[in-house]
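Residue numbers (this note's numbering): 6 to 725. First the structure, in the form of structure tokens, and then the observations on it.
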């Protein structure tokens, strides 16, 4: 009996453990959510200013890292890391400090009663302190192991080695290091430090770099073979000095072709654009026995300093323009991504008298200017680049181009009224109608034709109204209700007349409006019938005068050619249609004398099916294989679906044949009295139109044959 009792106790303990484990998970989830909300109540302490590739963060209570991007806010208690090909720039709001994280680095942002701190755990970082920090601003303290570094007055780098030691290099100013013993030491740019469990070890720099400073990028013009000058504090002439550089701090390679004497203090090198790490190494000259000397490893960013390049028109190029299109399309490139671009066009080579000038967007490389006068013109583009905090202007060379204009006579472009426009005749009688068109550059005057549409059944030709004007508009007041066509031709200097424009139509109407329910604007109609259908409604003015309505409709662009009308006595219309698509409608009110006394605007709707609701999702507690009770009773739980009227619970055989179905209005259902065996269960959502959605996920169901616990046998007692 002891063996079975032990099994029973074990089963009870296992069940209790699962229960309390679930409770603990739930409480931790609630706590995590509350901590997330609490974080939002804190003020951010930093901003991610730049991010290259995968930069991630996580809070202290989370285990999953999340990707972040430029301008994201950072809060106390968050960790930040960069992957093997990622870099990040973090700007601390209060101290105005800029931290650059190199690849494979990890830091933690902390805040305490003492102020802000940054715990450096892995990789390499570079600190740039911005000038102009507000008085009384909280210092940013760097932590590494048991040491604290006050970086308020310095620019420096930290590099954590695999041994756990941290190398400290100061490039500008000085840093104060406080060890675990409470003692403080200062390190300036003439020294280097190594932080370890034993404390801070300071050594004097053998080679002191004077320029370039790692705090600022270096700008060069690669088109002029411009070289980079490297200066150091002169050392013994018994040394040859080499430069070692690379894209990664850990992979520096010596350039054996470039060498200078230690006493020169200067070497000029040709460098590619981009970000590099570099250092100087001094090696004894042949015949001299001296120890090698190495400088600090410095980051360096080299940026192209290239003015805008003018592409079109090229220098001395001839440009031929037409009088109807006198625009010159100026093109250029902005390789250095200069900002605040400024365009100048002049008739003088020194640009002293401008005919055109404007500011341009930095990303723009094309601009059109209108030039009607032939002649010689000069142009250039100037952009600005921020170098050491100041804007420096870079101008393109001045290009000359010549303009000649060919006179061409074209009809103008009609503006108003637009084609098919309907205008109130009552308003027309009071104010008239002003026809408008775009001016034609070569035209001295214009000839206008207005032609009323021919009446149905009339055999006489419609009268043409002809007008002449020098302006690009003309007011008319002598038209009758109905459709009209208008067109305009240009008249040149020698009274040459261009072709007339393609006529625009407009209508002067005075019928009362039938108003569509929902307005005349384009809309969508979702049908729930088996076949595509639509349903539209309207409201008519003075309905007591209307005997019936007639409605015309058509799919897509065939409306104007459709002649068939459908009549109805009601102010609504329902119809099955062959297919989904765009349909246009117009409704007219018919009086007892069979006269049209009201009309609607053209209404366009898109007919498409109302989407069926998705299948429910099982609750998270439902296992992949659902087991019934020993008596064959099965309970299934799922999440509710918005808009659902009820659910269809289906039990299927392994082959997919439906064995049982049950309609359920809640979010759980039971199937009772199931025979032993294996089945599948799935769910279907039913909407308020009694339409079934798609069948959901099928999960396996296991109905046991009976209890698998054997009766115990007692010593000396036989149990049947």
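We put the beta carbon where it would ideally sit given N, CA and C, even for glycine. Bear in mind that the values here come from a model prediction, so they are computed numbers and not experimental data.
query, result
"Three-state class that DSSP yields for residue 479 in the structure shown", "strand"
"Range covered by the alpha helix (DSSP H) that runs through residue 430", "430-436"
"Bridge partners - residue 259, DSSP secondary structure assignment", "249"
"Neighbourhood of residue 714 by C-beta distance below 6 Å, restricted to the same chain and skipping five residues each side", "Only weak support is given to the placement of residue 714: the predicted model assigns it a pLDDT of 36, under 50, and the question is left unresolved by the model."
"Segment limits, beta strand (DSSP E) that includes residue 494", "487-496"
"Euclidean distance between Cα positions of residue 416 and residue 445", "7 Å"
"Where residue 564 falls: helix, strand or coil (DSSP)", "helix"
"Residue environment, residue 260, which counts as buried when at least 16 other CB atoms sit within 10 Å", "exposed"
"Buried or exposed by the 16-neighbour rule on C-beta atoms within 10 Å, applied to residue 589", "buried"
"Length-filtered (3 minimum) beta strand (DSSP E) runs lying within the stretch 592-622", "601-605, 608-614"
"Cβ distance (whole Å) where residue 654 is taken to contact residue 688 below 8 Å", "6 Å"
"Whether residue 571 touches residue 555 by CB criterion (8 Å)", "yes"
"Residue 631 beta carbon less than 8 Å from that of residue 704", "yes"
"Cβ contact (3+ pairs, closer than 8 Å) linking the stretch 529-537 and the stretch 470-480", "no"
"DSSP three-state assignment for residue 343, whether helix, strand or coil", "coil"
"Limits of the beta strand (DSSP E) - the one that residue 702 falls within", "Note, residue 702: premise wrong, no beta strand (DSSP E); not H, not E."
"Other residues of its chain near residue 611: CB distance less than 6 Å, five sequence neighbours each side excluded", "529, 587"
"DSSP bridge partner residues for residue 323 (one or two, in chain order)", "407"
"Cβ pair count under 8 Å reaching 3, the stretch 572-586 against the stretch 494-511", "no"
"Proximal residues to residue 90 (C-beta, below 7 Å), its chain only, five neighbours per side dropped", "58, 108"
"Three-state class that DSSP yields for residue 756 in the structure shown", "For the chain, the structure presents residues 6 to 725; residue 756 sits outside this window and is missing."
"8 Å Cβ cutoff met for residue 365 and residue 348", "yes"
"DSSP beta-bridge partners of residue 380", "408"
"Outcome for residue 489 when other beta-carbon atoms lying within 10 angstroms are tallied against a minimum of 16", "buried"
"C-beta contact flag for residue 79 and residue 104 at 8 Å", "no"
"Rounded straight-line distance, which links the Cα of residue 83 to that of residue 42", "With a pLDDT of 40 at residue 42, under the threshold of 50, the modelled position of this residue cannot be trusted; read the value that follows with caution. Straight-line Cα distance between these residues: approximately 14 Å."
"Which residues DSSP lists as bridging residue 134, in chain order", "102"
"Simplified DSSP state of residue 31, which is helix, strand or coil", "Residue placement at residue 31 is poorly supported in this model, since its pLDDT is 39, which falls under 50; the coordinates still yield a value, given next. Three-state result, residue 31: helix."
"Distance, residue 559 Cα to residue 580 Cα", "12 Å"
"Residue nearest to residue 239 in terms of C-alpha spacing, selected from 210, 407, 322, 271", "271"
"Collapsed DSSP secondary structure at residue 235 in the structure displayed", "strand"
"Closer than 7 Å: residue 634 CB and nearest the ligand ADP heavy atom", "The ligand ADP is absent from the structure shown, which contains no ligands of any kind."
"Sheet register partners of residue 273 (DSSP bridge)", "234"
"Neighbourhood of residue 695 by C-beta, 8 Å cutoff - its chain only, sequence neighbours within 5 removed", "650"
"Terminal residues of the beta strand (DSSP E) in which residue 91 lies", "No beta strand (DSSP E) holds residue 91; DSSP gives it neither H nor E."
"Cβ-Cβ distance between residue 337 and residue 303 below 8 Å", "no"
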